[in-house]
Each structure stands twice: as structure tokens, then as C-alpha cells.
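Q: First to last, the sequence lines map onto chains B and F. Numbering follows the working numbering, in which position 13 of the first sequence is assigned residue number 35; successive positions increment by one, without gaps. Numbering follows the working numbering, in which position 243 of the second sequence is assigned residue number 422; successive positions increment by one, without gaps. Beta carbons are placed, not taken as given, at the ideal position from N, Cα and C, and that holds for glycine.
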Amino acid sequence: MSDERRDATVPGAPRRRTALLAFERFYRSSEAGTLAAVVLLMVLLTFANNQFLTRDNLIFTARSFSFIAIAAMGACFVIIVGGIDLSVGSVMGLAGVVAAFLSSHGYGTIPSVVGALLVGTVSGLLNGLLIAKGGLAPFIVTLGTLSIFRSFVYIVTGGFPMQGFGPSLLWLGQGFFIGIPMPVWIMVVFWILLTFVLRRMRLGWYAYSIGGNEEAARLSGLPVDRVKVLVYVIAGLMGAIGGLLLVARLGVGESTAGLGYELNVIAAAVIGGVSLKGGQGSAFSAVLGAALIGVLNNGLVLLGVGEYLQQLVIGAVIILAVSIDRIRAKNFA
Amino acid sequence: MAHLDALSALSVHHLTKKYSGVTVLDRVDLSVRPGEILALLGENGAGKSTLMKILSGIHRPDDGRIEFFGREIELRGPKQAQALGINIIHQELNIVANRTVAQNIFLGREPPATWLPAWSGWIDIARMNADAQGLLREVGLASLAPSARCAELSTAQQQLVEIARAISTESKIILMDEPTSSLSAAQVESLFQLMRRLRSGGLGVILTTHRIEEAFEIADRIVILRDGKLVADRPAKETRPQEVIQWMVGRPVGQLFPERSSAPHKDLLQVNGLSGGKVREVSFAVRRGEVFGLGGLMGSGRTEVARLLFGADRAERGDIVLNGRKARIASPEDAVALGVGFVPEDRKLQALILDLAVRQNMVLASLRSFSRGGVIRRKAIERSVGAYVRDLNVQLRSASQHVRFLSGGNQQKVVLAKWLMLSPRILILDEPTRGIDVGAKAEIYALIDRLASTGIAIVMISSELPELLGMSDRVGVMSEGRLVGVLDRREATPETVMRLASMGKAALEGGAR
Numbered sequence: 023m024s025d026e027r028r029d030a031t032v033p034g035a036p037r038r039r040t041a042l043l044a045f046e047r048f049y050r051s052s053e054a055g056t057l058a059a060v061v062l063l064m065v066l067l068t069f070a071n072n073q074f075l076t077r078d079n080l081i082f083t084a085r086s087f088s089f090i091a092i093a094a095m096g097a098c099f100v101i102i103v104g105g106i107d108l109s110v111g112s113v114m115g116l117a118g119v120v121a122a123f124l125s126s127h128g129y130g131t132i133p134s135v136v137g138a139l140l141v142g143t144v145s146g147l148l149n150g151l152l153i154a155k156g157g158l159a160p161f162i163v164t165l166g167t168l169s170i171f172r173s174f175v176y177i178v179t180g181g182f183p184m185q186g187f188g189p190s191l192l193w194l195g196q197g198f199f200i201g202i203p204m205p206v207w208i209m210v211v212f213w214i215l216l217t218f219v220l221r222r223m224r225l226g227w228y229a230y231s232i233g234g235n236e237e238a239a240r241l242s243g244l245p246v247d248r249v250k251v252l253v254y255v256i257a258g259l260m261g262a263i264g265g266l267l268l269v270a271r272l273g274v275g276e277s278t279a280g281l282g283y284e285l286n287v288i289a290a291a292v293i294g295g296v297s298l299k300g301g302q303g304s305a306f307s308a309v310l311g312a313a314l315i316g317v318l319n320n321g322l323v324l325l326g327v328g329e330y331l332q333q334l335v336i337g338a339v340i341i342l343a344v345s346i347d348r349i350r351a352k353n354f355a
Numbered sequence: 180m181a182h183l184d185a186l187s188a189l190s191v192h193h194l195t196k197k198y199s200g201v202t203v204l205d206r207v208d209l210s211v212r213p214g215e216i217l218a219l220l221g222e223n224g225a226g227k228s229t230l231m232k233i234l235s236g237i238h239r240p241d242d243g244r245i246e247f248f249g250r251e252i253e254l255r256g257p258k259q260a261q262a263l264g265i266n267i268i269h270q271e272l273n274i275v276a277n278r279t280v281a282q283n284i285f286l287g288r289e290p291p292a293t294w295l296p297a298w299s300g301w302i303d304i305a306r307m308n309a310d311a312q313g314l315l316r317e318v319g320l321a322s323l324a325p326s327a328r329c330a331e332l333s334t335a336q337q338q339l340v341e342i343a344r345a346i347s348t349e350s351k352i353i354l355m356d357e358p359t360s361s362l363s364a365a366q367v368e369s370l371f372q373l374m375r376r377l378r379s380g381g382l383g384v385i386l387t388t389h390r391i392e393e394a395f396e397i398a399d400r401i402v403i404l405r406d407g408k409l410v411a412d413r414p415a416k417e418t419r420p421q422e423v424i425q426w427m428v429g430r431p432v433g434q435l436f437p438e439r440s441s442a443p444h445k446d447l448l449q450v451n452g453l454s455g456g457k458v459r460e461v462s463f464a465v466r467r468g469e470v471f472g473l474g475g476l477m478g479s480g481r482t483e484v485a486r487l488l489f490g491a492d493r494a495e496r497g498d499i500v501l502n503g504r505k506a507r508i509a510s511p512e513d514a515v516a517l518g519v520g521f522v523p524e525d526r527k528l529q530a531l532i533l534d535l536a537v538r539q540n541m542v543l544a545s546l547r548s549f550s551r552g553g554v555i556r557r558k559a560i561e562r563s564v565g566a567y568v569r570d571l572n573v574q575l576r577s578a579s580q581h582v583r584f585l586s587g588g589n590q591q592k593v594v595l596a597k598w599l600m601l602s603p604r605i606l607i608l609d610e611p612t613r614g615i616d617v618g619a620k621a622e623i624y625a626l627i628d629r630l631a632s633t634g635i636a637i638v639m640i641s642s643e644l645p646e647l648l649g650m651s652d653r654v655g656v657m658s659e660g661r662l663v664g665v666l667d668r669r670e671a672t673p674e675t676v677m678r679l680a681s682m683g684k685a686a687l688e689g690g691a692r
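Structure follows, in C-alpha cells:
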């Protein structure tokens with residue numbers, strides 16, 4: 023937990039070195055490497071292409087990765103408690119098409135949004151109960167629900183794209199507020215919210231403890247199962263919000279919405295420095311990971327690199343990020 | 180000595196081993212002859228396991244010589260020891276459960292098919308099974324099919340499979356670490372028959388055991404370690420069990436323990452007929468302000484009693500009465516809500532989140548009282564953590580330091596602080612000073628005494644007799660899952676505790692009580 027490395031209580035800790043220590047602590051944190059990579063990449067792209075550092079390009083790049091970032095913050099929470107959620111892409115799709123269905127059938131924006139959030143809650147509850155109460159492996163459960171939820175997406179859409187959303191739903195995905203796209207605002211709000219939950223709320227502290235050592239957490243009297251269920255529900259909700267915004271941005275609810283997004287979402291968390299072993303990670307790292315993928319995609323497009331090679335670069339970056347993290351962990355151990 | 184060495188199969192001279200400055204084995208001399216069974220006895224921590232591990236090549240000594248049939252050797256690893264003919268059978272068996280008996284016996288030495296070049300890796304399964312059948316007959320498992328999966332075997336059978344593996348490699352020496360700890364009386368008897376057969380075949384055997392009467396039954400010679408030193412090496416026939424106990428425990432109980440000051444009041448915790456897992460019908464009561472010691476050998480069910488009390492395992496039967504009211508404890512969460520704290524025996528695996536800060540570990544059990552509406556009250560936590568760090572004299576750089584980087588003693592203080600922050604009514608301590616240096620031990624003893632004097636009821640499990648006797652107001656002794664006796668302070672001596680604890684199943688069934 024990055025903020026918990028700060029000196030505070032113990033008498034005799036030299037105050038004047040606080041700033042230096044704070045820097046060192048950030049330098050050692052798992053977010054620092056990703057942030058450095060994002061900044062470096064942006065500098066390189068600025069020199070390589072004069073269209074990169076324009077207001078429009080930056081804003082649209084941010085919007086393009088905000089959907090992933092929102093879902094990745096939820097995924098990060100799950101990974102912190104030592105789990106994994108492979109079903110997130112299908113949850114995104116199902117929430118998106120349910121909202122699209124409601125909106126295109128004349129329901130208002132609020133019922134549509136509530137419908138999407140309900141999808142997130144129920145799917146998260148199902149995952150969480152099977153894992154925490156049923157004692158099944160998260161990987162297997164969410165691999166199963168990945169398929170089940172996708173099936174519901176096909177049932178809802180009937181295979182046909184749904185269009186004709188209400189204007190305020192479209193605004194959530196396509197609109198702007200003070201010159202910044204709405205999905206980016208929503209990402210920032212959840213970034214702040216989730217950071218608060220993880221650092222300042224009991225739920226967050228319990229999550230880090232359970233991911234760090236589940237047996238010790240249980241033997242300390244923590245409500246391990248309830249926390250896990252709640253975390254999967256949060257992940258479901260975050261996925262649903264990401265999916266809702268994605269569909270609202272596109273203006274179409276298709277059966278392929280969010281297809282394969284689970285890999286991008288988990289990749290964002292991992293690239294951001296969240297350890298799959300559990301017990302560590304932050305909302306910031308998920309956003310950074312998504313940003314790195316987003317900027318990289320944007321840069322490759324600007325540089326005229328074909329779509330086929332983009333996948334290769336993303337894959338290489340995942341492996342690179344994790345190996346840098348390992349080396350870093352060794353050096354500071 | 181020289182003529183004796185010529186006769187011995189394996190001997191060590193002045194063997195010394197230190198772990199981070201602590202001498203675990205101190206100039207030990209020992210030898211075993213072909214066709215001899217040697218019993219290695221000693222309390223927990225006396226150095227038995229270390230000695231066995233050195234003899235089997237797992238650890239290397241810091242000083243001293245090892246001779247094998249009169250020739251000085253250097254054991255560089257377990258592989259080399261096996262090549263020489265020294266095999267060890269660990270207490271925790273080394274069996275790949277999903278493979279067959281034959282595959283386990285010949286693991287890594289599978290017979291190659293003769294009609295193909297060796298590099299092809301083709302295994303002659305028929306020959307492997309036939310050879311395995313012969314070996315199984317030798318160890319008395321003739322009825323077992325070589326193609327049976329080991330997972331389906333009993334512990335005793337798995338152990339015999341390991342012995343079959345050992346004799347298949349033309350063993351000269353077999354080391355057995357607590358071979359009888361999980362066997363029934365009948366299984367022990369058949370194991371001993373096998374050991375006698377192996378002995379008459381010229382094999383040398385060294386075994387460790389907690390059960391003194393077994394040593395007398397099987398061994399030709401009895402060797403006793405205490406605090407890493409060899410204190411006795413006697414023919415079994417010329418020794419009495421009483422002497423052995425005295426050699427094992429015969430050290431003065433120093434000023435490590437505080438003058439116990441508590442004046443116990445009425446019962447706070449009552450346990451009636453608690454059963455579950457290996458625990459059978461355990462009943463006892465602990466008074467407010469009392470330290471109730473729970474002794475017994477490893478595997479006697481002490482830890483299991485603690486886990487049942489804390490709700491970590493499900494009890495099948497029995498009541499727990501807390502402060503006169505029947506308590507429903509189905510999970511650790513329930514126990515904590517009732518004010519029961521539990522310091523488990525393995526602090527790294529069961530008590531601490533090593534990669535979280537000291538602060539978070541300390542408030543883990545009491546976080547509810549440090550939050551309002553789910554939001555953490557950081558100032559309150561800082562104050563409380565700071566107070567406990569000072570009070571328990573925890574040595575650390577800052578409360579943000581990860582627990583991983585603290586010493587064992589300081590880690591244990593963090594675990595204790597975690598429970599003290601809950602203001603518990605009952606504290607269960609399982610081996611509270613395991614792996615802790617003497618200075619921190621004394622501090623923890625003083626703390627336990629202080630806690631008892633504030634009215635907390637304490638149940639303390641310990642494998643160290645001096646600790647058990649030095650700290651407890653009363654001592655309950657476990658054997659084979661049962662509480663076989665409760666001794667008060669005057670009655671509890673190393674001898675009485677050891678006698679109760681090493682009562683085997685046979686003695687229990689024979690109505691020794």
C-alpha cells in the first residue's frame with residue numbers, strides 16, 4: 023500500500039528528510055515505473071509525430087482508454103484480494119446492451135443506467151458467491167460466467183445492433199463538460215472514489231489484508247467471505263459502468279460490445295504494477311496501465327503501424343512491464 | 180575409540196552446527212554400527228532434527244568430521260548421501276500421491292527398457308512393477324498391488340513404501356525421523372518387526388521418537404541430546420526410563436520467568452466435552468486471571484484444541500461456556516466478536532500479513548473500533564499503534580515498516596499487540612515464543628503475566644517444558660487427542676508432565692488412568 027510507507031508516528035524519525043523519503047518511496051512504488059514509461063512514451067511520440075501533442079489528440083486518446091481504465095480499477099480491486107475476474111468483458115457487453123435495449127425502447131436515461139448497474143451488481147454477486155461461499159477457483163468461475171454473460175448479450179440483442187438512444191445517454195458517452203469528454207470525467211471521479219475506499223476505508227484495508235495472507239486475515243476474525251463478495255460486486259459495477267459508457271460512446275448496442283475486453287482490462291492492471299499474487303495495487307496503477315496501452319495504441323496509429331503489429335507491441339509491453347517489476351522487487355527486497 | 184570406529188557404519192566426531200550465531204549442535208560424537216538400532220531422544224529443540232538432516236546431507240555441519248565405514252566423507256547433498264547408502268525417511272512423508280506405488284519406489288531411477296537405447300527414455304514398466312512387488316513383500320506389504328495409487332494408501336502404508344524405496348537402493352543406513360508419530364499401536368508393532376528384520380540384514384538404523392517406551396522396545400542403544408549437546412549414550416538394557424527423562428529435561432529453570440503474581444478468580448471459560456478432528460472429549464475450565472498451560476507431544480492435539488476453541492475448525496460436539504453463558508463459536512469472526520484472541524503457532528503463515536505495514540497488522544482485529552461508517556480514523560490508529568509500540572518495546576524504524584523486515588521477537592509483539600488492541604477476555608497462545616531470542620522471550624513472559632493480572636484468561640500451548648512449567652498456574656497434558664491429566668502448580672514437574680504426555684495409545688487403552 024503505497025501511502026502506508028510514510029513515516030508518521032515513531033519518535034526520532036528525522037523530519038527534514040521527509041520530502042526525500044517521500045520521493046524515494048514513490049520511486050520504489052510499483053506505479054513509478056509505469057508513470058515513467060507513460061511520460062517517456064509521450065515525449066518520444068511528441069518528437070516522432072507533430073500531431074501527437076495536440077489538444078484534440080490527447081483528449082480523444084484519454085477518452086479511448088477511459089472505458090478500460092474504469093473496468094481495470096474494478097479488476098484491480100479483485101486482484102488485490104487475490105482473485106481474478108475474467109468475465110469483465112462480457113459484463114461490459116451485457117450492461118451496455120441492456121442499457122441500449124432500454125434506451126432504444128423508449129425508457130429514459132435513468133432506467134437505462136439503473137439497468138446497466140443492476141447487471142453489474144447481479145453478475146458480481148454471482149461471481150462472488152460462487153467463489154467465496156462455493157469455494158471455487160476464481161479463474162474457473164469467471165471463465166464460466168464469461169461465457170454465460172456473453173450468451174445473455176446475444177439473447178438481448180438478438181444479433182442485431184440497437185440504435186436510437188436517448189440524447190442524455192448519448193451525452194454520457196459522447197458529450198463534453200468544460201471541454202473534457204464525459205467518460206474521462208467519470209473515470210476521474212471513480213479514480214478518486216476508489217482511491218479513497220482502498221486507502222481510507224475499512225473495506226480497502228480488509229482487501230489488502232485478505233490478498234496479503236488470507237489465512238492470517240481469517241484467523242484475525244475478518245469477514246473474509248463477505249469482503250470477497252463485495253469486491254466482486256464492485257468489480258461487476260465498474261465493468262458495467264465501463265460497458266455502459268463504451269456503448270453510449272459508440273451509439274450502438276452490438277452483440278460484440280466488450281468482446282475480448284477482459285484481456286485489455288487485466289493487462290492494464292498488470293502493466294500498472296498490480297501483482298497477480300494479491301495484496302497490492304492501487305486505482306492509480308490501473309489508470310496508468312490503461313493509459314499506457316491507450317497512448318501506445320494512439321502512437322502506433324499515428325506512426326502508421328498496422329493493426330496486426332499493434333497486438334504484438336501490446337503483448338511485448340505486458341511482458342516487459344512484469345519483468346521490470348520483478349527486477350525492481352529483487353533490488354529493493 | 181579407534182577400534183570402535185572400525186566397526187561403525189556411520190560416525191560423527193565433534194559435529195557442530197550454528198544457525199545465525201545460535202549453537203544448535205555442540206561437538207556431538209555419535210556412531211552407529213551395522214545391524215544396530217539407535218534411538219535419538221531429546222526435547223523439542225534439542226537438535227535431533229538438525230543432526231538427522233546433517234547425516235542425510237540436507238544440511239552441512241560448521242565443524243566436525245563424518246566417517247562412513249571408517250573413511251572420512253563430506254556430505255554435499257541428499258543425492259550424494261543416497262548414493263553412499265544413507266537414506267532418510269522424514270516425518271512428513273515424501274510420496275507423490277498421484278503416482279503409483281511402483282512409480283514412487285523407482286522415482287528418478289526407473290528401469291530402462293532393454294530393447295531400446297537408454298536415451299530413448301522408455302521405461303520397462305513390467306520389470307518395474309515386478310521389482311516393486313518383491314520389495315513390497317520384503318516390507319510386509321505383499322498384498323498391495325504395485326500399480327495402486329499412493330493417494331489411496333494409509334499413512335502407515337506410505338511409510339512402508341518409502342522404506343521399500345530406501346532398501347531398493349542398497350541402503351546401509353536408514354534414518355527415521357519420528358516414524359511412529361502417526362501410526363496406531365498395531366502399525367507400530369509391525370514397523371518394529373520390519374526394523375528388526377532390517378537390523379538382522381546388517382542395516383544400521385537411527386530413529387528419533389517422542390515416545391520413550393518405544394525407544395526401549397526397539398533400540399539397542401539410546402542417545403540423548405539436550406540443548407545441542409550429547410548428554411548420554413547408553414545401551415538400552417542398562418538404562419531406565421526414569422533416567423532418560425531426567426537427562427532430557429535436566430536443566431535448571433532460570434530466572435527467565437516472572438514471579439507469577441496473579442490470584443485467580445472464578446471460571447471465565449469452560450470447555451465441556453469438546454470433540455472434533457483428532458480431539459476427543461476435552462473438558463477443562465480456565466479462571467479469570469489464570470494461565471492454563473496445555474502441554475503434550477507434537478501431534479497430541481494441543482493446537483487442534485486451540486483451533487476448535489477459536490472457531491478455526493468446526494467442533495463436532497461439546498460446549499464452550501464463556502462467562503457463564505454458552506457461546507456459539509462457528510468461525511474466528513464469532514470468536515473475535517466474543518473477545519477471544521488467538522496467537523497461532525506459525526506467525527508468518529497464520530498471523531501476519533508480511534507485506535503490510537506494522538500499523539495495519541496491529542489494527543487488523545480491532546479495525547471496527549477504529550472506523551466510523553466504514554471510514555478509517557487514522558489519528559486514532561496512529562495514537563494507539565504508537566502507544567503499543569512503546570508499551571511492548573517493539574523495535575522498528577517506523578509503523579509504516581513492513582512486518583517482513585522485523586525480527587521474530589518483534590513480529591510476535593506485533594501479533595500480541597493486534598490482540599491486545601481488541602481488549603480480549605480470553606487469549607489463546609500457541610507456542611508464543613517459538614523461534615524468538617531469549618531477551619524477547621523474557622519480555623513476552625512478563626507481558627503474559629501482566630495480562631493475566633488484568634483478569635484475562637490465558638490458554639498457553641507450549642512444547643518447551645521450562646516455559647510451560649514456569650508460566651502456567653495449571654498444566655493440562657494432552658495425549659492422542661485427549662486431555663489425560665490436569666496438574667496444578669505443585670504437581671507439575673518435568674517428570675510428571677513427560678510421563679503423562681508420553682503415555683502411548685496402549686497405555687490409554689489399558690486403563691492407565
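#1: Ser550 of chain F CB to nearest chain B CB: under 8 angstroms?
#2: Terminal residues of the continuous alpha helix (DSSP H) containing Phe247 of chain F?
#3: Is it right to say Ala262 of chain F is buried, meaning 16 or more other beta carbons lie within 10 angstroms of its own, or is it exposed?
#4: Within the 8 angstroms Cβ cut-off, does Ile555 of chain F reach chain B?
#5: What does DSSP give as the partner residue(s) for Asn711 of chain F in the beta ladder?
#6: Compute the Euclidean distance between the alpha carbons of Asn320 of chain B and Thr278 of chain B, then round it to the nearest angstrom.
#7: Nearest chain B C-beta to Gln529 of chain F closer than 8 angstroms, yes or no?
#8: Spell out the partners DSSP gives Asp446 of chain F in its beta bridges.
#9: Using a cut-off of 8 angstroms between C-beta atoms, extract the partners of Tyr230 of chain B located in chain F.
#10: Express the C-alpha separation of Gly111 of chain B and Ile560 of chain F in angstroms, rounding to a whole number.
#11: Leaving out five residues on either side along the sequence, give the residues of the same chain with a beta carbon under 7 angstroms from the beta carbon of Thr482 of chain F.
#12: Give the range of the alpha helix (DSSP H) segment to which Phe82 of chain B is assigned.
#13: Extract the residue ranges of the alpha helix (DSSP H) inside the stretch 143-202 of chain B, only unbroken runs of 4 or more that lie entirely within it.
#14: Taking 8 angstroms as the CB-CB limit, is Val432 of chain F close to chain B?
#15: Gly433 of chain F to Leu647 of chain F, Cα distance in whole Å?
#16: Over what stretch of residues does the beta strand (DSSP E) that includes Asn266 of chain F continue unbroken?
#17: Roughly how many whole angstroms lie between the Cα atoms of Pro431 of chain F and Ala566 of chain F?
#18: For Val515 of chain F, decide whether its Cβ has a neighbour in chain B, counting only Cβ atoms nearer than 8 angstroms.
#19: Give a yes or no on whether the C-beta atoms belonging to Glu484 of chain F and Trp598 of chain F are separated by under 8 angstroms.
#20: In chain order, what residues of the same chain lie with their CB nearer than 7 angstroms to the CB of Phe395 of chain F, ignoring the 5 residues before and after it?
#21: Check whether the Cβ atoms of Ile353 of chain F and Leu314 of chain F sit closer than 8 angstroms, and answer yes or no.
#22: Could you tell me which chain B residues have their CB closer than 8 angstroms to the CB of Pro420 of chain F, listed as they occur along the chain?
#23: For Tyr198 of chain F, write down the residues that DSSP places opposite it in a beta bridge.
#24: Should Lys592 of chain F be flagged as near chain B, meaning a C-beta pair shorter than 8 angstroms?
#25: Are the C-beta atoms of Arg38 of chain B and some chain F residue less than 8 angstroms apart?
#26: Is Phe285 of chain F close to chain B? Criterion is C-beta to C-beta, closer than 8 angstroms.
#27: On the three-state DSSP scale, how would you describe Val367 of chain F?
#28: How is Thr418 of chain F classed by DSSP in three states: helix, strand or coil?
#29: Given that Pro523 of chain F touches chain B, what residues does it touch there, using C-beta distances under 7 angstroms?
#30: Verify the CB distance criterion: does Glu329 of chain B have a CB-CB separation below 8 angstroms to chain F?
#31: Which same chain residues, not among the five before or five after Gly115 of chain B, have their C-beta less than 7 angstroms away from its C-beta?
#32: For Ser121 of chain F, which residues does DSSP report across the bridge?
#33: Counting only Cβ pairs nearer than 7 angstroms, list the residues of chain F close to Glu237 of chain B.
#34: In chain order, which continuous runs of the alpha helix (DSSP H) of length 4 or greater are located wholly inside the stretch 237-292 of chain B?
#35: At what residues does the beta strand (DSSP E) containing Ile216 of chain F begin and finish?
#36: Rounded to the nearest angstrom, what separates Leu108 of chain B and Lys620 of chain F at their Cα positions?
A: According to the structure data:
#1: Output row for Ser550 of chain F: interface = yes.
#2: Annotation for Phe247 of chain F: no alpha helix (DSSP H) segment contains it, though the beta strand (DSSP E) segment containing it runs Asp242 to Phe247.
#3: Label assigned to Ala262 of chain F: exposed.
#4: Yes, Ile555 of chain F lies at the interface with chain B (some Cβ there is under 8 angstroms from its Cβ).
#5: Nothing about residue 711 of chain F can be read from this structure; chain F reaches only from 180 to 692.
#6: Rounded to whole angstroms, Asn320 of chain B to Thr278 of chain B spans 22 angstroms at the Cα level.
#7: Cβ-Cβ to chain B under 8 angstroms: yes for Gln529 of chain F.
#8: In DSSP, Asp446 of chain F forms a bridge with F:Arg466.
#9: Contact note: Tyr230 of chain B reaches chain F through Ile532, Leu535 and Gln539, using a C-beta cutoff of 8 angstroms and chain order.
#10: Straight-line measurement puts the Cα of Gly111 of chain B at about 39 angstroms from the Cα of Ile560 of chain F.
#11: Cβ contact annotation for Thr482 of chain F (same chain, cutoff 7 angstroms, sequence separation greater than five): Glu524, Asp609 and Ile640, in chain order.
#12: Phe82 of chain B: member of the alpha helix (DSSP H) spanning Arg77 to Ile102, first to last residue.
#13: Fully enclosed alpha helix (DSSP H) runs of 4 or longer: 160-179 and 189-196.
#14: With a pLDDT of 42 at Val432 of chain F, under the threshold of 50, the modelled position of this residue cannot be trusted; read the value that follows with caution. It does not: the Cβ of Val432 of chain F has no partner Cβ on chain B nearer than 8 angstroms.
#15: At Gly433 of chain F, the pLDDT of 46 sits below 50, so the modelled position is not reliable; the number obtained from the coordinates is stated separately. Their Cα atoms are separated by approximately 13 angstroms.
#16: That run of the beta strand (DSSP E) goes Ile265 to Ile268.
#17: Caution is warranted here: a pLDDT of 47 is assigned to Pro431 of chain F, below 50, making its placement in the model unreliable, and no coordinate value can be reported.
#18: Interface criterion met: the Cβ of Val515 of chain F is under 8 angstroms from a Cβ in chain B.
#19: Note that residue 484 of chain F is Val in the sequence shown, not Glu. No, they are not a contact pair.
#20: The residues are Ala415 and Pro420.
#21: No, Cβ-Cβ distance for Ile353 of chain F and Leu314 of chain F is not below 8 angstroms.
#22: Result: empty, since nearest Cβ-Cβ is about 39 angstroms, beyond 8 angstroms.
#23: Answer by DSSP bridge pairing, in chain order: F:Val201.
#24: Closer than 8 angstroms to the CB of Lys592 of chain F there is not a single CB belonging to chain B.
#25: Unreliable positioning characterises Arg38 of chain B in this predicted model, as indicated by a pLDDT of 48, which lies under 50. The coordinate reading is nonetheless provided below. Cβ-Cβ to chain F under 8 angstroms: no for Arg38 of chain B.
#26: Taking Cβ atoms only, chain B never reaches closer than 8 angstroms to Phe285 of chain F, which makes this a no.
#27: Helix at Val367 of chain F.
#28: It is coil, neither helix nor strand.
#29: Under the 7 angstroms cutoff, chain B gives Leu241.
#30: At a cut-off of 8 angstroms between beta-carbon atoms, Glu329 of chain B makes no contact with chain F.
#31: Annotation for Gly115 of chain B: Arg172, Val175, Gly265, Ala279, Gly280 and Leu281 place their beta carbon closer than 7 angstroms to its own, counting only its chain and skipping 5 residues before and after.
#32: No statement about residue 121 of chain F is possible, as the shown extent of chain F runs from 180 to 692 and does not include it.
#33: What Glu237 of chain B touches in chain F: Leu528 and Gln529.
#34: For secondary structure counted as the alpha helix (DSSP H) over 4 or more consecutive residues, the stretch 237-292 of chain B holds these complete runs in sequence order: 246-272.
#35: Taken as a continuous stretch (DSSP letters only), the beta strand (DSSP E) holding Ile216 of chain F covers Ile216 to Leu220.
#36: As the crow flies, the alpha-carbon of Leu108 of chain B is around 48 angstroms from that of Lys620 of chain F.
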